[in-house]
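Residue numbers (UniProt numbering): 1 to 350. Glycine included, C-beta positions come from ideal geometry on N, C-alpha and C. No experiment lies behind these values; they were computed from the predicted model shown.
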Amino acid sequence: MSQIPSTAASFLQDRGVPAPAAPTVRPRRLRATPALRGLVSETQVRPGQLIYPAFVREDITEPQPIAAMPGQLQHTLDSIRREAAACAAAGVGAIDLFGVPATRDAVGSGAWAQEGILNRAVAAVRAEVGDALVVCADTCLDEFTSHGHCGVLRPAGGPRAGEVDNDATLPLYQAMAVAQAEAGAHMVSPSGMMDGQVAAIRTALDATGHEDVSILAYSAKYASAYFGPFREAVGSTLQGDRRSYQQDPANRREGLREALLDVAEGADIVMVKPAGPYLDVLAEVAAHSPVPVAAYQVSGEYAMVEAAAERGWVDRERVIMESVTGIVRAGADSVLTYWARELAERLRAC
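Now the structure itself:
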């Protein structure tokens, strides 16, 4: 046993405290070297389970930095092809595309237009990477509506004027999903939190011969302040908030209920968003879901780490790895993270 410093030994002896017995159970044995730690590691992050969210903007000729998300860009069609190819080369599992159109209207009609920026981006990326990378498209109207909400609004002057009309939005999601499938998406990802959105989209895809297109459902999406930097990334025009359709951050059971409803409606993957502040919800969903579970490490989570690292307050690479490992440890099969390519390249280099 290690020698006790004389001052401590005297202090304890004066008070009649016996020397501690040598422990027989020593968990530290398996932490002694990097090889031992690797041998017994319970959670591994793989490049193939990472999904890269990326933004494609219509009215630019060069990629534009996103100030609130250092290191991230609004891409052109050419630069998103290069980014997708780099992701595929790094072993990233999927890319999730978000469109930033030049013009918007009250119903978000650019979302299903064949020449709309998101559908053109899907086609360009699919042409670039083929099946080497899962090409996913965000299936929501918020980037395409002039009011910035995820669905159409009830007309002025009527009852509940200005409220998002759930049922009137569903056919628009159907049109958007079919357009994305026709552009070449392997997967669509309804994120608007409209009741019945997964069933409506599955019906539309199947009816148009796209039975093999998967649905990644934003099932437990919370009305979170962590989404702030994303608003800059997509040039959001939102006035007000989305609390009438996104979930209350105080509710855990509701997240599981939403996920199981989406499974029943035909979701192939269910998602919890944000990831880090909602690990309890993620663990609950993962424990009960019969389908794979994804989690989205959102823009605010990304921006806080980048800001702290820029000031030298945290070890950037270690915090990135630890945060994503924590999400996987909580039960995520896939992680949407803006560090996807960087992290995949680092993991492959190990």
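Hey, how far is the Cα of residue i from the Cα of residue j?
{"i": "L153", "j": "R329", "result": "40 Å"}
{"i": "S236", "j": "V298", "result": "16 Å"}
{"i": "V164", "j": "R37", "result": "51 Å"}
{"i": "W339", "j": "M321", "result": "9 Å"}
{"i": "residue 356", "j": "M194", "result": "In the structure displayed, the chain extends from 1 to 350; residue 356 sits before or after that span and is not available."}
{"i": "M304", "j": "T203", "result": "40 Å"}
{"i": "L343", "j": "Q44", "result": "13 Å"}
{"i": "W112", "j": "P171", "result": "11 Å"}
{"i": "I215", "j": "A22", "result": "56 Å"}
{"i": "R231", "j": "V56", "result": "14 Å"}
{"i": "T145", "j": "G110", "result": "9 Å"}
{"i": "E196", "j": "D333", "result": "It should be pointed out that residue 196 corresponds to Gly in this sequence rather than to Glu. One C-alpha to the other measures close to 24 Å."}
{"i": "P63", "j": "S79", "result": "7 Å"}
{"i": "Q246", "j": "A264", "result": "20 Å"}
{"i": "A309", "j": "A161", "result": "45 Å"}
{"i": "R46", "j": "T169", "result": "37 Å"}
{"i": "L12", "j": "V25", "result": "24 Å"}
{"i": "E306", "j": "P70", "result": "7 Å"}
{"i": "G91", "j": "P155", "result": "47 Å"}
{"i": "V213", "j": "D142", "result": "22 Å"}
{"i": "A35", "j": "I201", "result": "48 Å"}
{"i": "G48", "j": "I117", "result": "27 Å"}
{"i": "A271", "j": "L347", "result": "One point to set straight first is that residue 271 is Met, not Ala, in the sequence displayed. Looking at the two C-alpha atoms, the distance is approximately 24 Å."}
{"i": "P27", "j": "E42", "result": "14 Å"}
{"i": "C140", "j": "Y173", "result": "7 Å"}
{"i": "A177", "j": "G266", "result": "14 Å"}
{"i": "R15", "j": "E317", "result": "47 Å"}
Can you tell me which of the options puts its alpha carbon nearest to the alpha carbon of residue i?
{"i": "E115", "options": "D315, A19 and E58", "result": "E58"}
{"i": "L73", "options": "A94, G99 and L50", "result": "G99"}
{"i": "P18", "options": "Y222, A9 and A344", "result": "A9"}
{"i": "H186", "options": "Q174, I269 and V135", "result": "V135"}
{"i": "P274", "options": "D78, C350, S191 and S41", "result": "S191"}
{"i": "T76", "options": "A86, T61, A85 and C87", "result": "T61"}
{"i": "P277", "options": "A295, P290 and T24", "result": "A295"}
{"i": "R252", "options": "V270, Y222 and A233", "result": "Y222"}
{"i": "A85", "options": "A175, A264, L260 and R341", "result": "R341"}
{"i": "R242", "options": "P159, G266, G331 and N166", "result": "N166"}
{"i": "G130", "options": "G158, R81, E143 and A161", "result": "R81"}
{"i": "A349", "options": "A67, T7 and A89", "result": "A89"}
{"i": "G331", "options": "V293, R311, L141 and P249", "result": "V293"}
{"i": "I4", "options": "P20, R15 and G16", "result": "P20"}
{"i": "A132", "options": "A35, C87, D14 and P101", "result": "C87"}
{"i": "N119", "options": "A94, A175, A67 and G93", "result": "A175"}
{"i": "A94", "options": "T7, A35, S189 and I201", "result": "S189"}
{"i": "E83", "options": "E128, A102 and P101", "result": "E128"}
{"i": "A67", "options": "I117, V319, Y302 and Y173", "result": "Y302"}
{"i": "L279", "options": "P249, G266 and L260", "result": "P249"}
For my contact list, residue i and residue j are in at a C-beta cut-off of 8 Å; report their separation, rounded to the angstrom.
{"i": "P53", "j": "D96", "result": "5 Å"}
{"i": "D262", "j": "S219", "result": "4 Å"}
{"i": "L238", "j": "G148", "result": "3 Å"}
{"i": "V40", "j": "L50", "result": "That belief does not hold up - the Cβ atoms of V40 and L50 are roughly 23 Å apart, past 8 Å."}
{"i": "H288", "j": "L256", "result": "6 Å"}
{"i": "A217", "j": "V198", "result": "5 Å"}
{"i": "G300", "j": "F227", "result": "6 Å"}
{"i": "D268", "j": "V291", "result": "6 Å"}
What are the boundary residues of the alpha helix (DSSP H) that includes residue i?
{"i": "V134", "result": "No alpha helix (DSSP H) holds V134; the beta strand (DSSP E) holding it covers V134 to T139."}
{"i": "M194", "result": "Per DSSP, M194 belongs to no alpha helix (DSSP H) and is neither H nor E."}
{"i": "G228", "result": "G228 to A233"}
{"i": "G157", "result": "From DSSP, G157 is part of no alpha helix (DSSP H); its letter is neither H nor E."}
{"i": "I4", "result": "Where I4 is concerned, there is no enclosing alpha helix (DSSP H), given that its DSSP letter is neither H nor E."}
{"i": "V122", "result": "I117 to V129"}
{"i": "V319", "result": "R316 to R329"}
{"i": "A308", "result": "S299 to E310"}
If we define contact as Cβ-Cβ less than 8 Å, is residue i a contact residue for chain C?
{"i": "Y338", "result": "The chain inventory of the structure shown lacks chain C, comprising one protein chain alone."}
Which residue marks the beginning of the beta strand (DSSP E) containing residue i, and which one marks its end?
{"i": "H288", "result": "Unbroken run through H288 is the alpha helix (DSSP H), L279 to H288; no beta strand (DSSP E)."}
{"i": "R57", "result": "L50 to R57"}
{"i": "V270", "result": "I269 to K273"}
{"i": "V188", "result": "M187 to P190"}
{"i": "D96", "result": "A94 to V100"}
{"i": "S334", "result": "S334 to L336"}
{"i": "A111", "result": "No beta strand (DSSP E) holds A111; DSSP gives it neither H nor E."}
{"i": "Q74", "result": "L73 to H75"}
{"i": "A217", "result": "S214 to K221"}
> Counting Cβ pairs, one atom from each stretch, are 3 or more of them under 8 Å apart for the region 103-115 and the region 124-134?
Replying inline: When C-beta atoms of the region 103-115 are compared with those of the region 124-134, fewer than three pairs fall below 8 Å, so the two segments do not count as touching.
>> Three Cβ pairs or more, each shorter than 8 Å: is that satisfied between the region 175-189 and the region 205-220?
In response: Enough Cβ pairs lie closer than 8 Å, so yes.
> Are the region 283-290 and the region 307-326 touching by the rule of at least three beta carbon pairs closer than 8 Å?
Replying inline: The answer is no - the region 307-326 does not touch the region 283-290, with fewer than three Cβ pairs under 8 Å.
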